[in-house]
Every structure is written in C-alpha cells, then in structure tokens.
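A.B. asks: Mind looking over this structure? Questions follow.
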Amino acid sequence: MVKVFVSYSRDDEEFVRKLKSQLEAQGIDVWVDWQDIPAGFSWRQAIYDGILKSEFFIPCVSPSYIASEMCRMESYLAQAHNKPALPLMLHDSYQLEASYPETKHLHDMYHLDFTGKGLYSLSMSDEQRLANLLSVIKGEAETRNDNILYIAFPSAEYAYANQIWADLNAANLPSYISTMGYQVGDDWNKRHWQGVRRSRIFIPILTVAAASSFYMKKEVLLARTLNLPMLPILTLDASSNEGHLNNLRKGLDESFEMRLLSEIQWLQPLPSYESMLESLISIARNILSGNERS
Amino acid sequence: MSKIYISYSRKDEAFVRDLHAKLEANGLETWVDWRDILAGYPWREALFEGLASCDSILICLSRHYAESEMCRMETFISRAYGKRLIPLVLDDCFDLLLEHDELRGLIELQAIPYASKRIIGLELSDDELFQMTLETAKGLYKPLRENLFYFAYPASAAAFATKIAKDLQTAAISTWIGTQDHNIGYDWQQEQWAAMMKARAFILVLNEKAALSDHIRRQVLFAHTRKLPMLPIIAPETDFAVMQERFADSWEMRLISEIQWLQAEPNYESMLEALKGLAGRVLENKKL
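As you go down the protein sequences, you meet chains A and B in turn.
If you're matching positions, the first sequence starts at 26 in the numbering used here and goes up one per residue.
If you're matching positions, the second sequence starts at 283 in the numbering used here and goes up one per residue.
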C-alpha cells in the first residue's frame with residue numbers, strides 16, 4: 026500500500042479530513058498527525074518517522090501553512106530526504122511560498138489549485154484534481170509529450186485558449202497548453218520550455234493583455250529562436266473592437282519579443298469561430314505536410 | 283571540449299575582456315559578441331545562433347547584468363534550451379536577481395564568488411577563483427563518493443573544517459565539505475542534501491556561532507532523523523560558555539549536547555588520530 030504524508034495547517038483541517046477519506050477510499054495509506062502519534066510517544070520523532078516512511082509528501086499550502094514553523098520544517102525534511110512533493114493550493118499563497126527557503130522549491134511546481142480562482146483552478150474540477158493526485162500516487166499518470174502545436178495565451182483568455190486546444194486535439198493535431206495535461210508536482214517552467222521545443226507550430230492568442238504578459242513574451246521569444254512558424258489568433262473582442270485592436274497593435278510594437286507578430290497575418294473568429302477553426306486546421310496541416318503557406 | 287558563450291553587461295566589459303583573454307590563453311573556445319558577430323549581420327539572430335552553438339553559458343552576474351533586458355534574455359534562452367549554466371558573481375546583486383523572473387532561481391546555483399571571494403565561508407585567492415572558473419568551463423564535475431563523512435560547520439570555522447577534511451581525505455577517508463565539493467552551476471541545496479543522504483556520519487565543527495546558523499541546526503536535525511552518528515569537534519578559540527548557553531536555547535542543538543566532543547586544542551594531531559579511529563569504527567559499523 027502506498028504511504029503518503031499529508032502536511033497541513035490546523036486552520037485547514039476540514040479540507041484535510043475530506044481529502045484523507047477520499048484517498049483512503051482508493052486504498053492509500055495516509056499519515057496524518059491526529060491519528061498516527063501514539064500517546065506517550067515523542068510527537069517530533071513520530072513526524073520524522075512519518076515523513077521518512079512515506080513515499081510522497083503532500084503539502085496543503087495556504088497562508089497559515091506558510092506561517093507555521095512546524096509546517097515549514099516538515100516541508101524542509103521531506104525535501105532533504107528526497108520525498109517527491111505533490112503540492113495542493115488551498116488558499117492563494119504562491120508569492121508567500123516563494124519567500125521562504127523551506128517552501129520556495131514548490132513555487133516552480135504545478136499545484137492542484139483548490140482556491141476557486143485563477144486559470145489553473147478554473148480549468149479543472151475538484152474530481153479531476155483528485156484523479157490527477159491519485160494517478161501520480163499510484164504511478165499510473167501518463168505524461169503526454171507528443172505535442173506539435175503550442176498555444177500561448179494571456180491568462181485572462183484561458184477559456185478561449187482551452188477551447189482551441191480541445192478542438193485542435195479533436196482534429197488530431199496534438200497541442201500543448203499550460204493549463205491541461207500536467208501532473209501535480211511537475212516543474213512548470215521546464216514543461217513549457219520542452220513544450221515549445223517539441224513544437225512545429227506556435228499559436229499565440231492575441232488580445233491587449235498579450236503584449237504585456239511576461240510569460241507570453243518569453244514563449245514568443247523562444248519560438249522565434251527556434252524559427253517556428255507562427256499562427257496568431259485574435260480573440261472575438263480584439264477582432265470586433267477597433268479601439269482594442271489599435272491598443273493591441275501599439276502594445277506589440279513596444280515589445281521586441283512581440284513586434285514580429287504584427288507583421289504576420291492573423292486569424293480571427295469572424296464571421297464565425299467555426300470558420301476560423303477550419304482555416305486554422307487546414308493551414309496547420311499544410312505546414313506540417315511541408316507545404317508553403319498559400 | 284565544449285564551447286562557452288560569455289553573457290555579460292557592457293558595463294562590466296573591463297573585467298570580462300580580461301577574463302576572456304585568460305580563458306582563451308588556457309585553450310578554451312568561447313563565443314563573445316565583440317568578435318563573433320559579423321558586420322551587416324542581424325545581431326539578435328547572431329546571439330540566438332551563438333547561444334545555440336554553445337554547450338555552456340558563463341553568466342557574469344552583477345547589478346548591471348540584472349538591469350539589462352538583453353542579458354536577461356540570454357539567460358532565459360539558455361535555461362529554456364537546457365544549457366549548462368556557469369554563474370559568476372561580480373558584485374552584490376542578489377536582491378536584483380529576485381526581481382526578475384528570468385533570473386529567479388539563479389541564486390540557488392553555486393556560483394563562483396568573484397565579489398565576496400569566499401566559498402561557503404572559505405577565502406579564495408584571485409588565482410583560485412580563476413582556476414575554479416577554468417576547470418568548470420572545461421567541464422569539471424565532482425561526483426559524490428561513497429561512505430562520506432559530511433561536514434557541518436559555521437562559516438567562521440570554514441578554514442579549520444576544511445583542514446580537517448583534507449587531512450581525513452589524505453588518510454583515505456572520504457569527506458564532503460561545501461568548501462571543496464560543490465559543483466559550480468548546480469543547486470547548492472540539492473547537492474548538500476544528496477551528500478547528506480550518502481553520509482555515513484556527520485562531523486560537526488562547532489564554535490559559539492554554530493547554534494545561530496539555520497543550516498547547522500537543520501543539518502543536525504537531518505542526521506538525527508536518519509540516526510546517523512554525529513562527531514562533534516570544538517574549533518580553536520571557541521567561547522565555550524556562550525556556545526553551551528546557545529545550545530541550550532535550540533531544540534536541535536540539544537540533540538548533540540550529550541555527545542562526547544573532540545577538541546582541537548591543545549593538540550590537533552591527537553584530535554585527528556582520535557577522529558580517524560572513530561571514523562574507522564563507523565565504517566566497520568561498530569558502536570562508538
């Protein structure tokens with residue numbers, strides 16, 4: 026039976042009780058302090074043993090987790106003893122996490138985000154998060170690394186980008202998007218970089234926010250150094266609002282990474298999303314089969 | 283031998299030109315912008331191609347470097363391509379490294395300390411700094427040995443701890459100590475942990491400053507959780523009373539206050555002999 030150590034703050038006990046029963050229902054041996062410290066036993070020693078004997082370390086991160094010296098010590102020990110961390114985010118503390126030496130390694134990892142806010146939380150349901158956790162614990166997780174298209178987007182447009190991602194995959198064009206297909210604990214930077222390096226076509230989603238998105242600029246830069254063909258796609262808002270479109274053009278021109286996008290013909294969801302998707306798919310197939318774009 | 287891309291800020295050019303000349307004089311192949319971009323060639327593309335043609339990148343970190351968008355771009359591309367990073371620190375710029383996402387994480391990598399001229403507490407001469415740069419650039423990698431005796435020590439006792447480590451090494455006892463065994467460009471914390479995981483015992487070099495160090499307290503805690511033998515040695519000129527007082531204040535250090543200590547004073551040689559004897563017993567799995 027796989028053993029996992031759940032590290033949490035008392036403030037989040039309710040969440041952890043539910044998680045524990047869900048994991049146990051799947052045959053996983055969960056170490057938690059309220060049941061695994063025998064009376065009369067040194068609790069510190071019991072925690073050390075709990076961490077050393079477990080296969081995975083599950084930190085339930087929240088501001089009170091980061092504030093607790095005990096929680097941070099557990100995080101430290103799990104790292105030093107080389108226990109893979111599978112971080113959950115209960116309440117937003119991504120920035121806090123980065124400012125403590127015991128937790129900053131978590132900052133580069135994909136969390137399962139239970140905060141209910143932000144693209145990573147909204148792109149997945151609680152059931153999917155639990156399934157993701159279970160698949161990693163049971164060693165059944167499949168790493169998909171067959172993408173040949175890469176979708177870059179400003180975070181506010183995650184729903185539109187997810188839709189395009191799903192439609193491209195459905196058309197047998199294996200695509201990458203940061204919000205899907207990861208496993209909890211993956212290094213997100215490395216995953217993105219490898220995703221771009223594996224790709225043969227790069228698809229930036231453009232809206233005013235794109236020009237000021239740090240990550241998007243870096244993705245475009247990387248794609249450029251790899252000489253990837255780029256197929257920029259406008260959002261419906263950017264393609265139907267003249268003012269927004271002008272701001273987008275201005276923003277692109279101000280960034281050395283993004284400037285080249287303004288000289289490439291864009292696709293736009295007009296007259297309809299379906300017609301745009303159809304041309305996207307046919308251009309992509311053309312590029313992949315080695316034909317020049319017409 | 284691998285080719286090295288030199289990434290630097292124009293404002294640090296004097297230092298970099300000098301270093302570059304010495305590296306090339308020692309047979310190293312480098313890519314530098316002032317020589318390797320042809321006139322009339324689009325320079326940004328030339329940088330991309332230069333980076334792609336090199337296996338490693340020498341990153342000359344400084345306040346100027348962190349403030350330059352171009353420099354940060356070079357670091358970003360190298361990391362995204364998975365190039366080997368060789369960081370040099372030219373001045374006190376760690377606060378700026380944290381401000382830029384392209385540079386975040388570099389602070390975790392063991393760098394060559396041209397600014398502080400100290401590596402994990404131990405002072406280095408200019409020549410030692412250059413030799414370290416040259417060897418790293420030539421691809422030096424120090425793998426972990428077996429049966430390690432891991433050294434934990436406060437920075438103020440770095441020279442003394444290094445001397446003991448070298449003397450044990452001469453006596454064919456494997457040691458791991460931060461001042462000697464770190465690999466440049468690797469996550470120093472991960473390297474420490476990997477060495478700690480391989481350790482057969484911890485040698486704790488102690489003085490009155492030891493209990494104040496987070497690192498030492500954590501290393502003691504680690505040894506305790508793995509039930510590894512700990513061999514404490516009191517460094518010369520230690521203020522004994524203050525040390526004991528501070529030990530009593532730390533629950534981690536209390537773990538070792540009941541272990542018999544070795545003392546360097548008055549006789550270093552007899553301490554070393556005693557230590558070798560203890561090391562021998564550890565390796566034979568005998569009780570100390």
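We put the beta carbon where it would ideally sit given N, CA and C, even for glycine.
What do you reckon, are the CB atoms on residue 401(B) and residue 461(B) nearer than 8 Å?
C.D. replies: Residue 401(B) sits at position 119 when you count from the first residue of the second sequence. Residue 461(B) sits at position 179 when you count from the first residue of the second sequence. It is a contact, given that the beta carbons lie within the stated cut-off.
A.B. asks: Residue range of the beta strand (DSSP E) that residue 284(A) falls in?
C.D. replies: Taking the first residue of the first sequence as position 1, residue 284(A) is located at position 259. Element bounds for residue 284(A): n/a, residue is neither H nor E.
A.B. asks: Would you kindly report the start and end of the unbroken beta strand (DSSP E) that includes residue 287(B)?
C.D. replies: As a working mapping, residue 287(B) is identified with position 5 in the second sequence. That run of the beta strand (DSSP E) goes 286-289.
A.B. asks: Since residue 321(A) is in the alpha helix (DSSP H), which residue starts that stretch and which ends it?
C.D. replies: Here chain A covers residues 26 to 319 and nothing more, so residue 321(A) does not appear.
A.B. asks: In chain order, what residues of the stretch 58-75 of chain A put their CB closer than 9 Å to some CB of chain B?
C.D. replies: Answer set for the stretch 58-75 of chain A: 69, 70, 73, 74.
A.B. asks: Throw me the rounded Cβ distance for the residue 214(A) and residue 133(A) pair, which I believe falls under 8 Å.
C.D. replies: For this step, residue 214(A) is matched to residue 189 along the first sequence. For this step, residue 133(A) is matched to residue 108 along the first sequence. Right, the Cβ-Cβ distance comes to about 6 Å (below 8 Å), so this counts as a contact.
A.B. asks: State buried or exposed for residue 456(B), treating a residue as buried only when at least 16 other CB atoms are found within 10 Å of its CB.
C.D. replies: If you number the second sequence from 1, residue 456(B) lands on position 174. So residue 456(B) ends up on the buried side.
A.B. asks: Could you tell me whether any Cβ in chain A is nearer than 8 Å to the Cβ of residue 330(B)?
C.D. replies: Start at 1 with the first residue of the second sequence, and residue 330(B) comes out as number 48. Yes, residue 330(B) lies at the interface with chain A (some Cβ there is under 8 Å from its Cβ).
A.B. asks: Which chain B residues are close to residue 101(A), counting only those with a beta carbon under 8 Å from its beta carbon?
C.D. replies: Taking the first residue of the first sequence as 1, we reach residue 101(A) at position 76. Those within 8 Å of residue 101(A) in chain B are 500.
A.B. asks: If I measure Cβ to Cβ from residue 140(A) and keep anything under 8 Å in the same chain, skipping five residues before and after, which residues do I get?
C.D. replies: Here the question's residue 140(A) lines up with position 115 in the first sequence. Closer than 8 Å at the Cβ level, and outside the excluded window around residue 140(A), lie 114, 115, 116, 117, 146.
A.B. asks: Express the C-alpha separation of residue 28(A) and residue 110(A) in angstroms, rounding to a whole number.
C.D. replies: Sequence index remark: in the first sequence, residue 110(A) carries index 85 (1-based). Sequence index remark: in the first sequence, residue 28(A) carries index 3 (1-based). Distance between the alpha carbons of residue 110(A) and residue 28(A) is about 13 Å.
A.B. asks: Just to confirm my understanding: we take residue 319(A), look at its own chain, exclude 5 residues before and 5 after, and list those with CB closer than 6 Å. What are they?
C.D. replies: Here residue 319(A) refers to the residue found at position 294 of the first sequence. For residue 319(A), the pLDDT reaches just 43, beneath the cut-off of 50, and the residue's location in the model is therefore unreliable, although a value from the coordinates is still provided. Nothing listed; no residue qualifies.
A.B. asks: Just curious, the alpha helix (DSSP H) that residue 386(B) is in, first and last residue?
C.D. replies: Along the second sequence, read from residue 1 onward, the residue named residue 386(B) stands at position 104. Note, residue 386(B): premise wrong, no alpha helix (DSSP H); not H, not E.
A.B. asks: To the nearest angstrom, how far is the alpha carbon of residue 416(B) from that of residue 96(A)?
C.D. replies: Your numbering for residue 416(B) matches position 134 in the second sequence. Your numbering for residue 96(A) matches position 71 in the first sequence. Taking the straight line from one Cα to the other gives about 42 Å.
A.B. asks: Against chain B, does residue 128(A) count as a neighbour if the rule is that its beta carbon must be under 8 Å from one of theirs?
C.D. replies: As a working mapping, residue 128(A) is identified with position 103 in the first sequence. So no, residue 128(A) is outside the interface.
A.B. asks: I'd like to know if the stretch 59-68 of chain A and the stretch 78-85 of chain A are in contact, where contact means that at least 3 CB-CB pairs between them fall below 8 Å.
C.D. replies: No, the stretch 59-68 of chain A does not touch the stretch 78-85 of chain A.
A.B. asks: By alpha-carbon positions, which one of 403(B), 361(B), 362(B), 408(B) ends up nearest to residue 300(B)?
C.D. replies: The residue you call residue 300(B) lines up with position 18 of the second sequence. Checked all of 403(B), 361(B), 362(B), 408(B); the closest Cα to residue 300(B) is 408(B).
A.B. asks: What does residue 218(A) reach in chain B if we use C-beta pairs closer than 7 Å?
C.D. replies: If you number the first sequence from 1, residue 218(A) lands on position 193. The contacting residues are 362.
A.B. asks: Quick one: grab the DSSP three-state call for residue 314(B).
C.D. replies: Start at 1 with the first residue of the second sequence, and residue 314(B) comes out as number 32. Coil, per DSSP.
A.B. asks: Grouping DSSP H, G and I as helix and E and B as strand, with all else coil, what is residue 291(A)?
C.D. replies: Reading the first sequence from its first residue, position 266 is the one you call residue 291(A). Three-state result, residue 291(A): coil.
A.B. asks: Figure out for me which residue from 490(B), 340(B), 451(B) has the closest Cα to the Cα of residue 360(B).
C.D. replies: Working through the second sequence from its first residue, we reach residue 360(B) at position 78. Among 490(B), 340(B), 451(B), the Cα nearest to that of residue 360(B) is on 340(B).
A.B. asks: Since residue 98(A) is in the alpha helix (DSSP H), which residue starts that stretch and which ends it?
C.D. replies: As a working mapping, residue 98(A) is identified with position 73 in the first sequence. Taken as a continuous stretch (DSSP letters only), the alpha helix (DSSP H) holding residue 98(A) covers 94-105.
A.B. asks: With 8 Å as the threshold, decide whether the Cβ of residue 107(A) is near any Cβ in chain B.
C.D. replies: In the first sequence, the residue the question calls residue 107(A) occupies position 82. So yes, residue 107(A) belongs to the interface.
A.B. asks: With H, G and I counted as helix, E and B as strand and the rest as coil, what does DSSP make of residue 451(B)?
C.D. replies: Translated into positions along the second sequence, residue 451(B) becomes position 169. Here residue 451(B) sits in helix by DSSP.
A.B. asks: Quick one: is the Cβ of residue 272(A) within less than 7 Å of any heavy atom of the ligand SAH?
C.D. replies: Within the structure as shown, the ligand SAH is missing, as the structure has no ligands at all.
A.B. asks: Over what stretch of residues does the beta strand (DSSP E) that includes residue 242(A) continue unbroken?
C.D. replies: Reading the first sequence from its first residue, position 217 is the one you call residue 242(A). Premise fails: residue 242(A) lies in the alpha helix (DSSP H), 239-250, not in any beta strand (DSSP E).
A.B. asks: Can you have a look at residue 541(B) and say buried or exposed, based on whether 16 or more other CB atoms are within 10 angstroms of its CB?
C.D. replies: Here residue 541(B) is taken as the residue at index 259 of the second sequence, counted from 1. Residue 541(B) should be labelled exposed.
A.B. asks: Is it right to say residue 250(A) is buried, meaning 16 or more other beta carbons lie within 10 angstroms of its own, or is it exposed?
C.D. replies: Here the question's residue 250(A) lines up with position 225 in the first sequence. The residue is buried, with at least 16 neighbouring Cβ atoms inside 10 Å.
A.B. asks: According to DSSP, residue 338(B) sits in a beta bridge with which residue or residues?
C.D. replies: Translated into positions along the second sequence, residue 338(B) becomes position 56. 286(B), 366(B), per the DSSP bridge assignment.
A.B. asks: So, using beta-carbon positions, are residue 189(A) and residue 173(A) closer together than 8 Å?
C.D. replies: Position 164 of the first sequence holds residue 189(A). Position 148 of the first sequence holds residue 173(A). No, Cβ-Cβ distance for residue 189(A) and residue 173(A) is not below 8 Å.
A.B. asks: Could you say which of 273(A), 158(A), 90(A) lies nearest to residue 230(A) if we only look at CA atoms?
C.D. replies: The residue given as residue 230(A) occupies position 205 in the first sequence. Out of 273(A), 158(A), 90(A), 273(A) has the C-alpha closest to the C-alpha of residue 230(A).
A.B. asks: What separation, rounded to the nearest whole angstrom, lies between the Cα atoms of residue 387(B) and residue 476(B)?
C.D. replies: Indexing the second sequence from 1 puts residue 387(B) at position 105. Indexing the second sequence from 1 puts residue 476(B) at position 194. In a straight line, the C-alpha of residue 387(B) is about 19 Å away from that of residue 476(B).
A.B. asks: Check whether the stretch 281-292 of chain A touches the stretch 230-243 of chain A, counting contact only when three or more Cβ pairs, one atom from each stretch, lie closer than 8 Å.
C.D. replies: Flag = yes, the stretch 281-292 of chain A and the stretch 230-243 of chain A touch.
A.B. asks: By a C-beta neighbour count over all protein chains shown, 10 Å radius and 16 as the cutoff for buried, is residue 240(B) buried or exposed?
C.D. replies: There is simply no residue 240(B) to check, as chain B begins at 283 and stops at 570 in what is shown.
A.B. asks: Could you tell me the distance, in whole angstroms, from the CA atom of residue 297(B) to the CA atom of residue 328(B)?
C.D. replies: Along the second sequence, one-based indexing puts residue 297(B) at 15. Along the second sequence, one-based indexing puts residue 328(B) at 46. Between residue 297(B) and residue 328(B), the C-alpha separation is close to 23 Å.
A.B. asks: Unbroken beta strand (DSSP E) runs of length 3 or more, entirely within the stretch 405-455 of chain B: which are they?
C.D. replies: Runs found: 430-434.
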